[in-house]
Amino acid sequence: MGETRHSVCALDCPDACGLLLNIENGKATRLRGEADHPVTRGFLCGKVAQYLEREYSPRRLLYPQKRVGAKGEGRFERITWDEALDTISSRLRSLALEFGPEAVLPYSYGGTLGYLQSSGMDRRFFHRFGASRLDRTICASAGAAGSVAAFGNRLATEFEQFPQAKLIIAWGANIHGNNVHLWPFIVEARRRGAKFYAIDPIATRTARLADRHFAINPGSDLALALGLMHVIFGEGLEDRAYLSAHTQNADSLRARAAEYPPEKVAALTGIGKDEIVALAREYAAAKPAAIRLNYGIQRSERGGRAVHAVSLLPVITGQFRYAGGGVHLSSSGAFQINRDALERPDLQLESPLGRPARIVNMTELGRALTERNDPPVMAMVVYNSNPAAVAPRQSLVLEGLRREDLFTVVLEQFQTDTADYADILLPATTFLEHTDLYFSYGHHYIQMARPALAPPGEAKSNFEVFRLLAERLGFNDRALRDSEDDVIRQTLDSPSPYLAGITLDELQAKRRVRLKVSAEGEPFLPYANGGFGTPSGKCDLDASELGYQPPVESRHGSQELRAKYPLELIAGKHDDGMNSTFGYREAVDRDSGLLCLHAADAAARGIEEGDPVRVFNARGSLALKAHVNGSVQPGVVRIPGIR
-19 MGETRHSVCA LDCPDACGLL LNIENGKATR LRGEADHPVT RGFLCGKVAQ
31 YLEREYSPRR LLYPQKRVGA KGEGRFERIT WDEALDTISS RLRSLALEFG
81 PEAVLPYSYG GTLGYLQSSG MDRRFFHRFG ASRLDRTICA SAGAAGSVAA
131 FGNRLATEFE QFPQAKLIIA WGANIHGNNV HLWPFIVEAR RRGAKFYAID
181 PIATRTARLA DRHFAINPGS DLALALGLMH VIFGEGLEDR AYLSAHTQNA
231 DSLRARAAEY PPEKVAALTG IGKDEIVALA REYAAAKPAA IRLNYGIQRS
281 ERGGRAVHAV SLLPVITGQF RYAGGGVHLS SSGAFQINRD ALERPDLQLE
331 SPLGRPARIV NMTELGRALT ERNDPPVMAM VVYNSNPAAV APRQSLVLEG
381 LRREDLFTVV LEQFQTDTAD YADILLPATT FLEHTDLYFS YGHHYIQMAR
431 PALAPPGEAK SNFEVFRLLA ERLGFNDRAL RDSEDDVIRQ TLDSPSPYLA
481 GITLDELQAK RRVRLKVSAE GEPFLPYANG GFGTPSGKCD LDASELGYQP
531 PVESRHGSQE LRAKYPLELI AGKHDDGMNS TFGYREAVDR DSGLLCLHAA
581 DAAARGIEEG DPVRVFNARG SLALKAHVNG SVQPGVVRIP GIR
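Numbering (the working numbering), first residue to last: -19 to 623.
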C-alpha cells in the first residue's frame, strides 16, 4: 500500500513550495505541490515538477571518490568514506600547520534554502577550524543594501495581497519564468480589473503576457524611478500626509527628482516621454499599487541605488497604507532566526587564530586562488555551489582550480564543472533525503521537512559530513556534536516577535507555520503606520547618493568602450533552468549556446538565424549560435542560460 510523504522545495526560488510525494515500495512515483499551501496551491513549476528525474538520475554521485587524472579531466576512482574523511582531515590539518588555518577557504551559496545544510554545521566547523570566511555576495547583496537604505530593514508586501492591487508592475521580474506561484495572484488581480505592466530590457515570458511592456535600456532603472518621481512631485501626486508623518528629508528627494524631467529620462531609458508621464500618473492614482521588484536591476553598476530608488516610489505615494500596496523584493528580513545560535561565530575564538578569520569576497574567487599570499588559499571546500560555472572571471577561476598545489574537496549530487577539478569528491543528498528548516524570500511561512526518501548509495548530507570532519580533527566542542533537532531548536530560540512561540514540535506537527508578522487572519502591512527599521522609525528620503550615472560598460557610458564593443550583453536565466542546476535537462540543453539578437543588429553584421557567432570583449570570448528574434531591443544581446 502506498503512502504520501511531505517535503519542502529547497531550490533558490522565492516560492519555497510545500511538496507531497507518493511512495510505493520506498520509491517516489509522483511529486506534486501541496494543495493547502497558501502559496504553492497545488501546482509546481516546470523545473521541480520533473525533480524525480534528477532524484533518480543514473548520473547521481553515489560513493566517495578520489581524483586519478589531471585536474579538469573528471577521472575518479571509488574510495571508502573512511579514506575520504581521513584524507581530507589530514590535508586540512597539515595545510593549517604550514600556512595557517586561513589557507582553507569554504565556498558555498544558494544550493539550498535550508538553514541546516547551508549555514549550520558547516559554519560551525569552519569557525572552529579558523578557515577564511566567505563573503557571500554573488547574488543579492547590492539589492539587499538598497532595500535597507530605503527602509532600514528587508520587509515586503505579501504575495497573497497582490489580488487587491489595482496596478501591478513587474520591475526586472520574470514572474512567469522564476516566481510562478505569484502568477495566480496576478491573474486574480487582473480578473478584478487590475492592470499589469512589465519593466524589463528583455521581452521575457512575463513581459509578453503583460498589458504593457516598457523595454528599458539595461542599467537605467534608477533614472526611470527618478523620472517617475519628477512627475509625481511636480504634479502634486505624492501622499503628503504619509510623507509628513512617516518620512524625513523629503525635500532632498524632491530636489533630486527635479533633476530628471521626462525628456531627459526618455533619452536615458529608451522609454518615451509621454509613456513616463502616463505611467507616473497611473501609478500614483492607483490605490493600491504593487511593485514586484527583482534582483536583475541590481546586477549592474550602482544597481543597489536603483533598488533604493524604486523602493521609495510606494513611500512617496503612500501605497504602504493599503493591503495590496507597496513593493516586494524579498521577505527574508522577517525570518529573524537566532543566527548566532545557528552558526556559532563564537567558535572562532576557540580556533588556532583566537580571533575572526579574514574575509574573502566570493566574487573575487579567481583572484583569491591565483594572487593572494596572506596566506595563499591552499585548500577549498565547495558545497551548494558550482563556481567553475557561475563565478565571475571564469578563466581566472579555472586557472586557480587547475593549481596542482590546491587541495579541493567538492560535495555534490552530480559531477559538475567544479567537481571535475576535485581531489576528493563526496556524494551529497538532495533536499528529499535530509532534515532541514526552511526560510523563504517570497512568503512568511517557516517550514520543516524530514527525509522523504533514503539517500542513494552512500550519499551524506552536508550537516553530517562537517560533523564527521569535526570529529576526525578532534574538535570536542558540544556545538559540533549537536543533532539536527538540537540545531533547529537553537535556531528557533529567537527574541524576535516574528518567531514567538514557534517550536520544533509545532513544525513537526504542522509542517509549516506562519511567522507572527501580523494578527491571525490579518494582512501584514509592514510600513502602513511608519515603523521603518531606522533609528527614528521614519523612512529617510535623503537622496544625496541617488544621482544617476550610466554604467561605464553600456552604450551610454564610456564612448571609448562603445566604439570597441557596441553591443550590451545580458546573461539572463533560462525559464526552464536555475543557473547550472538543471543543465542536464533537454529543455535547457536545447537552448544552450544561443545568442539572441535583434534583426537590425543581425542584418548590420550579415548574420542570419543559426549562424555561428563569436561573442567577445577584453575578458574573453564565447562561441555561440545566432537566434534572431524580437526578445531584445537593438543594441542589446542576450544569452538565455548556458549549460
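Even for Gly, the Cβ is constructed at its ideal location relative to N, Cα and C.
Shown here for residue 525: same chain residues with a beta carbon closer than 7 Å to its own, the five before and five after excluded, namely 285 in chain order.
Within the same chain, Cβ atoms closer than 7 Å to the Cβ of residue 65 are found at 448, 449 and 452, the five residues on either side in sequence being excluded. With 16 or more other Cβ atoms from the protein chains shown falling within 10 Å of its own Cβ, residue 146 counts as buried. Counting the other Cβ atoms within 10 Å of the Cβ of residue 534 gives 16 or more, which makes it buried. Annotated three-state conformation of residue 357 is coil, per DSSP. From the listed residues 442, 414, 445 and 421, the smallest Cα separation to residue 433 is found for 414.
Per DSSP, residue 497 lies in no alpha helix (DSSP H) and is assigned neither H nor E. The three-state secondary structure of residue 536, taken from DSSP, is coil. Between residue 126 and residue 291, the gap from beta carbon to beta carbon is short of 9 Å. For residue 28, the three-state secondary structure derived from DSSP is helix.
9 Å or more divides the Cβ of residue 203 from the Cβ of residue 523.
Short of 6 Å from the beta carbon of residue 240, and not among the five residues preceding or following it, lie these beta carbons of its own chain, in chain order: 206, 207 and 210. Around the CB of residue 456, fewer than 16 other CB atoms lie within 10 Å, so the residue is classed as exposed. Taking C-beta atoms as the reference points, residue 322 and residue 467 count as a pair closer than 9 Å. With at least 16 other beta carbons inside 10 angstroms of its own, residue 263 counts as buried. Check the Cα spacing between residue 189 and each of 166, 575 and 553: the tightest is with 166. DSSP places residue 143 in the helix class (H, G or I) of the three-state scheme. Within the same chain, Cβ atoms closer than 6 Å to the Cβ of residue 17 are found at -2, the five residues on either side in sequence being excluded. Note on residue 141: 16 or more other CB atoms within 10 angstroms of its CB, so buried under the neighbour-count rule.
DSSP places residue 577 within a strand segment (E or B) once states are collapsed to three. As computed with DSSP, residue -16 is found in a beta bridge with 2. Of the candidates 454, 325 and 158, the residue whose Cα lies closest to the Cα of residue 337 is 325. Excluding residues up to 5 positions away in sequence, nothing lies with its Cβ nearer than 7 Å to the Cβ of residue 509 in the same chain. The alpha-carbon separation between residue 34 and residue 377 amounts to approximately 27 Å. When the beta-carbon positions are compared, residue 327 and residue 460 come within less than 9 Å of each other. With a contact defined as Cβ atoms closer than 8 Å, residue 195 and residue 181 qualify at about 6 Å.
With a 10 Å radius around the Cβ and a threshold of 16 neighbouring Cβ atoms, residue 36 comes out exposed. Taking C-beta atoms as the reference points, residue 38 and residue 550 fail to come closer than 9 Å.
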